[in-house]
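Participant:
Number of protein chains: 2
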Amino acid sequence: MRSQADENHPDLRSALNLLLSAGGKRIRPGLTMLAGRMLHAEHERLLSLSAAIELLHTATLVHDDLIDNSLLRRGIPTLNSRWSPGATVLTGDFIFARAANMAAETNSIPVMKIFARTLSTIVNGEITQLFGNRCTVDRESYCFRIYSKTASLFETSAQAAALISPVEEQVVEWMRQYGYNIGMAFQIIDDILDFTSQEDTLGKPVGSDLRQGIITLPAIIYAETYHDDGYAADLLAGRCIPEGDRIEELILKIRTSDAIQKSHAEAVRYVETGLNALRQVPAGPERFALEELANYIVQREL
Amino acid sequence: MRSQADENHPDLRSALNLLLSAGGKRIRPGLTMLAGRMLHAEHERLLSLSAAIELLHTATLVHDDLIDNSLLRRGIPTLNSRWSPGATVLTGDFIFARAANMAAETNSIPVMKIFARTLSTIVNGEITQLFGNRCTVDRESYCFRIYSKTASLFETSAQAAALISPVEEQVVEWMRQYGYNIGMAFQIIDDILDFTSQEDTLGKPVGSDLRQGIITLPAIIYAETYHDDGYAADLLAGRCIPEGDRIEELILKIRTSDAIQKSHAEAVRYVETGLNALRQVPAGPERFALEELANYIVQREL
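In the order they appear, the protein sequences are chains G and L. Residues 71 to 372 in this note's numbering are what the first sequence lists, from first letter to last. Residues 71 to 372 in this note's numbering are what the second sequence lists, from first letter to last.
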């Protein structure tokens, strides 16, 4: 990944190094590497694919942080906190280009196609959120959003690993299902953590989604379950950001309600569906690690 | 191209329609179509490639106009003049994604690779300009800049058309040379027009590059030729934006000097080199049209 900025402008090299040095969980390329090794993908192509996926993810974060004016990511200052908007836009574009370059190094047309489609899906999701109605208590919108935002790239990470492996189409489909489902679970857990974590763990105020009018699963389930409650009635009526202390009370109500456990149970169901698909593939150490990865997702500290 | 936003957010569809309705010369996809027809490329793949090239060009313009805060392009308001920066960034990203999708539809790995490389080249050039020293009177920097900005995509337009055609590697190389050279000429002519056109034709002040500290070929040749002149001495010393009336005088001096004709002669030399490469391919109506296209580039109204 780091070598992708060689022979380019020195500030671009240092920006890429900075972004990569922050680390992150590297869960998507980890998933790709494990899936590819399990299915006997060729090592070099698998490395290219994993780098392509992490770079695509990184490029979308660079533009997201600019758009949201976020100042910290993974504990270090974002690019947009230090550079002009123009330089930040261009650095994101450059990383997209290098992601496409790494994807092309897999020498797989099907991989290139799902790669391009995934980028469209992610961006279309963000535009829909930007222009869309806020405060919509609607499971269908929610699923569309978390698929666009997170599950689409998890799906691609697993599916593309199978596509460059010597396996039948059915195996590609099982891996796609595995990736899709654990991606959906991953985002649901993130959305739960937004309510249940401490502010200093999150690095932002508790309930930050709701404060921006973004309704996630815990709020949807709360509204569905307690529709007679005044707060839930407001949510359902599209008044999702109560003024003053009422927003704090609403967040506390959701946080301490059984909507959290019910949301968690939905994430567990996604993981189980994903594991069922994965278990169609013969057992072995990599499959075991992918099972552990799926379980880790729903066991992150609530 | 228009169908690429189908099934996406309606605002994204209308943005793409607006951008495409503005037209432009469509010189790059025109070049690709002619080259591909000349070399007997398959029609559907050629259409995909041409659309990919125009979309890539369009996406870079969307981000450029945002970065430069340009309000008009091709006579219509730019996206950034009407939308938030975030929406504009995302629309550009979406068009990149759809360009990658169309490129993948060519089913050619070599095309995907040069496509990704071209995007890196364009963006690296812009970043170099953004961070680089202004007021540099240096032919090497100038050639790097116009290659990144313009000739790289012309090169790809012609080379990729050959890559999806049933031709020898040598023909691919001839077409690459043709595209590269007419692209260099195209940008030199643009840079001449920035000095010689009227403000109302340009839609911006005459000499706008120089006013921003961007030294193009006419200024380089002026400085080389008249190095004893006070203005040229300033240019060579890196003081390229004289204050007050002196900038108007410098622009007038360059505009009325033989630096314009000498710059034009360099563009003509590039076109001749491109035509020499093109003429290695057997004659026919498409080759004739590509020759006319090359000649048109240096015959645009000075």
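Quick reminder that beta carbons are idealized off the backbone N, C-alpha and C, glycines included. Since this is a predicted model, take the numbers as computed values, not measurements.
#1: Can you tell which of LEU360(G), ALA75(G), ARG357(G) and GLY202(G) has the C-alpha that lies nearest to the C-alpha of GLY308(G)?
#2: Check PRO352(L) in the structure and name its three-state DSSP category.
#3: Three or more C-beta pairs under 8 Å: does that hold for the region 253-264 of chain L against the region 320-334 of chain L?
#4: Just list the alpha helix (DSSP H) runs in the region 296-361 of chain G, keeping only unbroken ones of 4 residues or longer that don't cross its boundaries, in chain order.
#5: Taking Cβ-Cβ distances shorter than 7 Å, what residues in chain G pair up with VAL242(L)?
#6: Mapping the DSSP letters down to three states, classify ILE197(G) as helix, strand or coil.
#7: So if DSSP puts PRO147(L) in a beta bridge, which residue, or which two residues, is it bridged to?
#8: Using beta carbons (cut-off 8 Å, strictly below), is LEU116(L) in contact with chain G?
#9: So GLY156(G) contacts chain L; which residues on that side make the cut at Cβ distance below 7 Å?
#10: Taking DSSP as the reference, what is the three-state secondary structure of THR271(G)?
#11: Taking Cβ-Cβ distances below 7 Å as the criterion, which residues of the region 193-227 of chain L are in contact with chain G?
#12: Give the residues of chain G in contact with HIS133(L), contact being defined as C-beta atoms less than 8 Å apart.
#13: Give the straight-line distance between the Cα atoms of GLU243(G) and THR286(G), rounded to the nearest whole angstrom.
#14: Which value, in whole angstroms, describes the spacing of the CA atoms of THR188(L) and MET182(L)?
#15: Report the neighbours of SER190(G) on chain L: residues whose CB is nearer than 7 Å to its CB, in chain order.
#16: At 8 Å on the CB atoms, spell out the chain G contacts of ASN150(L), in chain order.
#17: Counting only Cβ pairs nearer than 8 Å, list the residues of chain G close to LEU89(L).
#18: Out of curiosity, what's the CA-to-CA distance linking ALA174(L) and CYS213(L)?
#19: Kindly list, in the order they appear in chain G, the residues whose Cβ is closer than 9 Å to that of LEU82(L).
#20: Who are the neighbours of ARG187(L) on chain G, taking C-beta pairs under 7 Å?
#21: Run through DSSP, which three-state label would MET71(L) get?
#22: Determine the DSSP secondary structure at SER227(L), reduced to helix, strand or coil.
#23: By the criterion of Cβ-Cβ separation under 7 Å, what are the contact partners of ALA111(L) in chain G?
#24: Please list the terminal residues of the continuous alpha helix (DSSP H) segment that includes ARG215(L).
#25: Show which residues of chain G have a CB atom less than 7 Å away from the CB atom of HIS79(L).
#26: Kindly list the residues whose CB is nearer than 8 Å to the CB of LEU142(L), restricted to its own chain and excluding five residues on each side of it in sequence; keep chain order.
#27: Under the three-state reduction of DSSP, which class applies to SER235(L): helix, strand or coil?
#28: Out of LYS95(L), PHE164(L) and GLY100(L), which has the shortest C-alpha to C-alpha gap to ASP81(L)?
#29: What residues of chain B sit near MET182(L), judged by a beta carbon separation below 7 Å?
#30: Could you give the distance in angstroms between the alpha-carbon of LEU200(G) and the alpha-carbon of ALA157(L)?
#31: Is the CB of ASN365(L) under 8 Å away from at least one CB in chain G?
#32: For ASN78(G), count the other beta carbons within 10 Å of its own beta carbon; 16 or more makes it buried, fewer makes it exposed. Which is it?
#33: Is LYS95(L) helix, strand or coil when you go by DSSP?
#34: Would you check whether the ligand FAD has a heavy atom nearer than 7 Å to the C-beta of LEU101(G)?
#35: I need the straight-line Cα distance from LEU101(L) to MET172(L), nearest angstrom please.
#36: Is ILE179(G) close to chain L, meaning its C-beta is less than 8 Å from at least one C-beta of that chain?
Facilitator: With the given structure in hand:
#1: GLY202(G)
#2: coil
#3: yes
#4: 300-306, 315-325 and 329-348
#5: None at all; the shortest Cβ gap to chain G is about 17 Å.
#6: helix
#7: LEU142(L)
#8: no
#9: ILE137 and LEU200
#10: helix
#11: VAL193, ASN194, GLU196, ILE197, THR198, LEU200 and PHE201
#12: VAL159, LEU160 and ASP163
#13: 28 Å
#14: 10 Å
#15: PHE164, ALA167, ARG168 and ASN171
#16: What ASN150(L) touches in chain G: nothing, since even the nearest Cβ is about 11 Å away.
#17: What LEU89(L) touches in chain G: nothing, since even the nearest Cβ is about 14 Å away.
#18: 30 Å
#19: VAL193, ASN194, ILE197, THR198 and PHE201
#20: ASN171
#21: coil
#22: helix
#23: By Cβ distance, chain G contributes nothing, its closest Cβ being about 17 Å from ALA111(L), past 7 Å.
#24: 209-216
#25: ASN194, ILE197, THR198 and PHE201
#26: THR148, SER151 and GLY273
#27: coil
#28: PHE164(L)
#29: This model lacks chain B altogether, as its protein chains are G and L.
#30: 7 Å
#31: no
#32: buried
#33: coil
#34: Here there are no bound small molecules, and the ligand FAD is not part of this structure.
#35: 17 Å
#36: yes
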